[in-house]
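The structure under discussion appears below in the form of structure tokens.
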Amino acid sequence: MTNIDELKSTGLKATLPRLKILDIFQKGQQRHMTAEDVFRVLLEERSDIGLATVYRVLTQFEQAGILLRSNFESGKAVYELNEGQHHDHFVCTGCGKVEEFYDAEIEKRQNLIAKQKGWVIQDHSMSLYGQCAECAKKGVGR
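Per this note's numbering, residue 149 is the first one in the sequence shown, and the count goes up by one each step.
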């Protein structure tokens, strides 16, 4: 499916800003990006798409289910492509790096605890905060 088809399937028109921003998420090195990160990439590409447009497109993509938004403790919304697979996050308190992980045992344990308490989990997110290997080696944030 092309980006144009993907946008049309969600009810969004395939405008140049939408196509460029979707391309950044699909082809970029960085998987988790703030609006400012996306805007910085657009500036590097000499695009004339403004920051307000970036915010608007990210919100539209989230509402359409193309992107997922997380609010880590930095206070800034961080977006990533919605690939339909649940995962949790490590967030580095030194450099801000975000790394995904999935652990079937953790998921199983959460469901067991919910069942014991009479809860039915519909959705959840887990973010673990600490230092990535690089920051820990450098002693950043100690």
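The C-beta atom is built at its ideal place from N, Cα and C for all residues, glycine as well.
All of these numbers come straight from a predicted model, not from anything done at the bench.
Starting from residue i, trace the alpha helix (DSSP H) both ways and give me its first and last residue.
i: Phe187; result: Ala183 to Glu192
i: Ser157; result: Asn151 to Ser157
i: Ala252; result: Ala252 to Gln264
i: Ala212; result: Leu199 to Ala212
Hey, residue i and residue j are a contact pair by Cβ (cut 8 Å); roughly how many whole angstroms apart?
i: Val288; j: Gly242; result: 4 Å
i: Gln178; j: Asp185; result: 6 Å
i: Gly278; j: Phe220; result: Wrong, their Cβ atoms sit about 12 Å apart, outside the cutoff.
In the DSSP assignment, find the beta strand (DSSP E) that holds residue i and state where it starts and stops.
i: Glu247; result: Val246 to Phe249
i: Arg217; result: Leu215 to Asn219
Buried or exposed: which applies to residue i, given that a residue is buried once 16 or more other Cβ atoms fall within 10 Å of its Cβ?
i: Arg166; result: buried
Self-check item: Cβ pair count under 8 Å reaching 3, the segment 157 to 167 against the segment 206 to 216
Solution: yes
Exercise. Could you say if the segment 223 to 233 and the segment 257 to 270 meet the contact criterion of at least three C-beta pairs nearer than 8 Å?
Key: no
Quiz item: Per the contact definition of three or more C-beta pairs closer than 8 Å, is the segment 199 to 210 in contact with the segment 246 to 257?
Solution: no
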